[in-house]
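*Asks:*
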Amino acid sequence: MTSVPFSFVRSVEFWSWFRMAVCVLPVVLVVMGVYVDYTHTADRCSTLTVSNDSLLVEYGEPVKVNCSISSKPSSHFFLGWESQFNAVQTDSETSLVWRAPSLTEWEVNGREMFCYLSVPNTEQCKRKVHLTLYKRPDSVNISSESSVWSEGQMMKLKCEIENVGPLQNLTVQWTRVDQNNITTVTEMPYGSFSTSGEERKNGNVTSTLTVSASRDEDDVQYQCAALLRLDQLQQPQVGSSEPLNITVRYKPIITQPSKGIPNSVIKGNKLVLNCSAHGNPSPQYSWSSPGNKNLTTSSIIISSVQSEDQGQYSCTAYNDEGSDSMNVTVNVLEHPHTTNLSSESSMWSEGQMMKLKCEIKNTGPVQNLTVQWTRVDQNKNRTVTEMPYRRFSISEKQKGSMDVTSTLTVLASHDEDGVQYQCAALLKLEQLQQPQVGSSEPLNITVRYKPIITQPSKGIPNSVIKGNKLVLNCSAHGNPSPQYSWSSPGNKNLTTSSIIISSVQSEDQGQYSCTAYNDEGSDSMNVTVNVLEHPHTTKLSSESSVWSEGQMMKLKCEIKNTGPVQNLTVQWTRVDQNKNRTVTEMPYRRFSISEKQKGSMDVTSTLTVSASRDEDGVQYQCAALLKLEQLQQPQVGSSEPLNITVRYKPTITQPSSGTISLTQGDQLVLNCSAHGNPSPQYSWNSPGNKNLTISSIFISSVQSEDQGQYICTAYNDEGSDSLTVVVNVAVEYKLIIIIIAVCAVVGVVLIIGFWYYRHTQNKWRNLASHRNNDNIALSDDIAGQS
Numbered sequence: 001m002t003s004v005p006f007s008f009v010r011s012v013e014f015w016s017w018f019r020m021a022v023c024v025l026p027v028v029l030v031v032m033g034v035y036v037d038y039t040h041t042a043d044r045c046s047t048l049t050v051s052n053d054s055l056l057v058e059y060g061e062p063v064k065v066n067c068s069i070s071s072k073p074s075s076h077f078f079l080g081w082e083s084q085f086n087a088v089q090t091d092s093e094t095s096l097v098w099r100a101p102s103l104t105e106w107e108v109n110g111r112e113m114f115c116y117l118s119v120p121n122t123e124q125c126k127r128k129v130h131l132t133l134y135k136r137p138d139s140v141n142i143s144s145e146s147s148v149w150s151e152g153q154m155m156k157l158k159c160e161i162e163n164v165g166p167l168q169n170l171t172v173q174w175t176r177v178d179q180n181n182i183t184t185v186t187e188m189p190y191g192s193f194s195t196s197g198e199e200r201k202n203g204n205v206t207s208t209l210t211v212s213a214s215r216d217e218d219d220v221q222y223q224c225a226a227l228l229r230l231d232q233l234q235q236p237q238v239g240s241s242e243p244l245n246i247t248v249r250y251k252p253i254i255t256q257p258s259k260g261i262p263n264s265v266i267k268g269n270k271l272v273l274n275c276s277a278h279g280n281p282s283p284q285y286s287w288s289s290p291g292n293k294n295l296t297t298s299s300i301i302i303s304s305v306q307s308e309d310q311g312q313y314s315c316t317a318y319n320d321e322g323s324d325s326m327n328v329t330v331n332v333l334e335h336p337h338t339t340n341l342s343s344e345s346s347m348w349s350e351g352q353m354m355k356l357k358c359e360i361k362n363t364g365p366v367q368n369l370t371v372q373w374t375r376v377d378q379n380k381n382r383t384v385t386e387m388p389y390r391r392f393s394i395s396e397k398q399k400g401s402m403d404v405t406s407t408l409t410v411l412a413s414h415d416e417d418g419v420q421y422q423c424a425a426l427l428k429l430e431q432l433q434q435p436q437v438g439s440s441e442p443l444n445i446t447v448r449y450k451p452i453i454t455q456p457s458k459g460i461p462n463s464v465i466k467g468n469k470l471v472l473n474c475s476a477h478g479n480p481s482p483q484y485s486w487s488s489p490g491n492k493n494l495t496t497s498s499i500i501i502s503s504v505q506s507e508d509q510g511q512y513s514c515t516a517y518n519d520e521g522s523d524s525m526n527v528t529v530n531v532l533e534h535p536h537t538t539k540l541s542s543e544s545s546v547w548s549e550g551q552m553m554k555l556k557c558e559i560k561n562t563g564p565v566q567n568l569t570v571q572w573t574r575v576d577q578n579k580n581r582t583v584t585e586m587p588y589r590r591f592s593i594s595e596k597q598k599g600s601m602d603v604t605s606t607l608t609v610s611a612s613r614d615e616d617g618v619q620y621q622c623a624a625l626l627k628l629e630q631l632q633q634p635q636v637g638s639s640e641p642l643n644i645t646v647r648y649k650p651t652i653t654q655p656s657s658g659t660i661s662l663t664q665g666d667q668l669v670l671n672c673s674a675h676g677n678p679s680p681q682y683s684w685n686s687p688g689n690k691n692l693t694i695s696s697i698f699i700s701s702v703q704s705e706d707q708g709q710y711i712c713t714a715y716n717d718e719g720s721d722s723l724t725v726v727v728n729v730a731v732e733y734k735l736i737i738i739i740i741a742v743c744a745v746v747g748v749v750l751i752i753g754f755w756y757y758r759h760t761q762n763k764w765r766n767l768a769s770h771r772n773n774d775n776i777a778l779s780d781d782i783a784g785q786s
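According to UniProt numbering, the sequence shown is numbered sequentially starting from 1.
(1) Could you tell me whether the Cβ atoms of Ala-286 and Leu-295 are closer together than 8 Å?
(2) Is the separation between the beta-carbon of Thr-724 and that of Gln-707 shorter than 8 Å?
(3) Checking the sheet assignment: what are the DSSP bridge partners for Cys-423?
(4) Answer yes if the segment 580 to 594 comes into contact with the segment 551 to 569, meaning at least three C-beta pairs across the two stretches below 8 Å, and no otherwise.
(5) Arg-765 by DSSP, collapsed to three states: which one?
(6) DSSP three-state call for Gly-478: helix, strand or coil?
(7) Taking Cβ positions, are Leu-426 and Thr-383 nearer each other than 8 Å?
(8) Going by alpha carbons, who is nearest to Val-609 out of Ser-661, Ser-638, Ser-544?
(9) Identify, in the order they occur along the chain, each residue of the same chain with its Cβ nearer than 7 Å to the Cβ of Trp-81, setting aside the five sequence neighbours on each side.
(10) Please determine, among Tyr-449, Thr-454, Ile-694, Arg-758, the residue with the shortest C-alpha to C-alpha distance to Gly-351.
(11) Could you pull the start and end residues of the beta strand (DSSP E) that Ser-661 belongs to?
(12) State the DSSP-derived secondary structure class of Gly-165, mapped to helix, strand or coil.
(13) Pop quiz: Leu-209 and Leu-157 are said to be a contact at Cβ under 8 Å. What is the actual Cβ separation, rounded to whole angstroms?
(14) Skipping 5 residues on each side, what residues in its chain have a beta carbon closer than 8 Å to that of Leu-167?
(15) Ser-70 and Thr-47 - do their beta-carbons sit closer together than 8 Å?
(16) Arg-44: buried (16+ other C-beta within 10 angstroms of its C-beta) or exposed?
(17) With a CB to CB cut of under 6 Å and the five nearest residues on each side skipped, what residues in its chain are close to Gln-597?
(18) Is Asp-721 helix, strand or coil by DSSP?
(19) What residue does the beta strand (DSSP E) around Phe-114 start on, and which one ends it?
(20) How is the beta strand (DSSP E) around His-130 delimited, first residue to last?
(21) Given residue 787, which residues of its chain have a CB within under 6 Å of its CB, disregarding the five upstream and five downstream residues?
(22) Does the distance from the CB of Lys-128 to the CB of Val-164 come in under 8 Å?
(23) Am I right that Glu-162 and Ser-139 are in contact with their C-beta atoms under 8 Å? What's the rounded C-beta distance?
(24) If distances are taken between C-alpha atoms only, which option among Glu-105, Glu-93, Ser-298 comes closest to Ser-83?
(25) From this set, Lys-72, Phe-78, Asn-109, which residue's C-alpha is nearest Glu-58's C-alpha?
(26) Tell me which residues share the same chain as Asn-530 and place their Cβ nearer than 8 Å to its Cβ, disregarding the 5 neighbours each side in the sequence.
(27) In angstroms with no decimal places, state the Cα-to-Cα distance between Thr-713 and Lys-554.
(28) Check each candidate in Thr-122, Asn-671, Ile-453 and name the one with the smallest Cα separation from Phe-78.
(29) Which residue comes first and which comes last in the beta strand (DSSP E) that contains Gly-311?
(30) Can you tell me which of Met-188, Ile-500, Thr-409 puts its alpha carbon nearest to the alpha carbon of Ala-225?
(31) Pick helix, strand or coil for Asp-614, following the three-state DSSP scheme.
(32) For Tyr-484, report the span of its beta strand (DSSP E) as first-last.
(33) Check whether the segment 514 to 521 touches the segment 473 to 489, taking contact to mean three or more Cβ pairs, one atom from each stretch, closer than 8 Å.
(34) How about Asn-331 and Gln-312: are their beta carbons less than 8 Å apart?
(35) Please list, in chain order, all residues of the same chain as Ile-694 whose beta carbon is under 7 Å from its beta carbon, the five residues on each side excluded.
(36) Could you check the C-alpha separation between Glu-242 and Gln-221 for me, to the nearest Å?
So this is what it looks like as structure tokens:
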């Protein structure tokens, strides 16, 4: 069999691939061409752009806007601008500029121009451009009918705006600024003023504002402005006039002095009367005074006013527009010459009604007079009482100067002792910020009164522990200063303000009486002294030294020799193992006493407790508390602490019941623990009925025969507790799965290799057979030719 050269085989394979590529390539090129043409058609409109979609152009200024496409279409096209004028078009460029060297055609306003792209057999693409033409005003002027206004006239202001547009976007703005720089703005939109021109074009405008000429318009400044409000501008275009200052002539109005308010002045003081007014032109002034004196001045000054200066003064302010007048009444007042304060007696006795008399000489006018009484006590507390006109007597019924007497009636009490009184004459005049005052000398009051005991307090018993110190103080207020005497148990009398007993005994118990006395009388106060016994012993005991869970146990607190029992409270204190403290108090009537009396006695208090495991290790203590009002802290007698022991059956805390899943070969650890008193013992029951008297089970490598129930039991003398744990042991399948997977992969590789080998052998065999046939045919041809 003749072998086929390897180069021949490679040559055959190459030409086979080449023929296939030549056949497929035209098809690929056709498909790509169709796709590109479709995509280009779909995106043609999206590539059409303009440099500006909105243009704002000032009148006479150049303008241009560019339209472009990213690339030329594959077929014939037109790129152009459609507008009211200067329409352009191209069929060869990818961009086209529309321009105007000087835009003056108002027809562009309100009409859109657009750039277009036209390709045969397709929809035309368009991009719109909004074009707005405007013109600033050549001038803005404001004028008035007259340079000077007179109050009451209706005046017109005229605003003339020349050559502005478009008129439909114009607003005329009037601005008013007064003397206080407060600005007021009024706007007149299109349609509220006269125009010469079409609304979309430029023209001249005249706007009129009517103003009432008043004094408030004097020195006001007006200004008008042309506002073009265009969509493309955040702020309107403005053309403003020069400011126009307004002058208004008006007659005077007097502002000082105030109308109808009399002017009062003390005789000998300075009198100043000022007259001022607002007016334009500036006003002149004249005064008429008592005695028909006329002065052409705005002020009257009298350095030392006298009685003859009293009367009516009249001020007149005038100018070319008119005049105004104001009258002022001047009252000349007499200052109080003397103010004296006196009492009926230099020494008062408690309970009397005493009169204080205030005498005021040479004062007036009486209708403006107030007598002020001031009382200052020993603590400097100030009390003021005012008596107006008609509450005191006067020497004669006239409105000039006169003598006045005011009387104050006071009840003589011990609160008035050491008080200071003073009276003052107050002339309250509207023209004076502060009233004119004439004051008396202070008058000190002395009141004699019997003692009033302030210590000890009435009806409050005094309790003291036997053997302690007893101090009883007696104090009182009185004038003259009081003296003291005490009476005590056993009819002992002492002339002293205090009783001191260094070590009080039972015989000192009883009633003590204090008496304070002076020339005005006396006062007495009784004090009851209770001598208390301190608790001698306080003992705490239990029914049993060891409790069992579930029992009701009683704790007994015995308190010896204490009282008074009605003031006794037994306090129970419980402290647990975490040092948490609980306090329970049992008042009188909740415990038993040895006899029914209020003296010293024996007391027993009982506390019932449910014996539970929570009580194990708890500490109890009881205390006797005597709560007395005279003691800031209660007297306490405490027992020794009592420690409680409670026996209770175990309760397993570990492990938790349930199921444990393990894999063969894993480690198994089971720990059993429980709370109990006495301390519990443990036993385990495991698969195969194995019994272990230990608290823990440990298996280093668990096997399938270790699977099953494990039961832990904890027990002591009080009882037991059990818990079951189920252990499941699973076989390890990982290695088997890996071996099967490796064998499967090796088998697949061998099958593919065998198939590839057989396929290659068949191919070589076919090629060799084809070669032999060619050689035989060639030999036959040669033999024939021979």
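Beta carbons: idealized from backbone N, C-alpha and C, even for Gly. Bear in mind that the values here come from a model prediction, so they are computed numbers and not experimental data.
*Replies:* According to the structure shown:
(1) Reading off the sequence, residue 286 comes out as Ser, not Ala. A contact, by the Cβ cut-off of 8 Å.
(2) no
(3) Trp-373
(4) yes
(5) helix
(6) strand
(7) no
(8) Ser-544
(9) Cys-67, Ala-87, Val-88, Leu-96, Trp-98, Met-113, Cys-115
(10) Tyr-449
(11) 658 to 663
(12) strand
(13) 5 Å
(14) Tyr-190, Thr-195, Gly-197, Glu-198, Glu-199, Arg-200, Lys-201, Asn-202, Gly-203, Val-205
(15) yes
(16) buried
(17) Low per-residue confidence applies at Gln-597: pLDDT is 48, beneath 50, and the placement is therefore not dependable, though the value from the model is reported in the following sentence. The answer is none, since no qualifying residue turns up.
(18) strand
(19) 112 to 118
(20) 125 to 134
(21) Because residue 787 is not part of the residues shown, which for the chain are 1 to 786, the question remains open.
(22) no
(23) 5 Å
(24) Glu-105
(25) Asn-109
(26) Pro-461, Asn-462, Ser-463, Val-464, Gln-509, Pro-564
(27) 33 Å
(28) Thr-122
(29) 311 to 319
(30) Met-188
(31) helix
(32) 483 to 488
(33) yes
(34) no
(35) Tyr-682, Trp-684
(36) 10 Å
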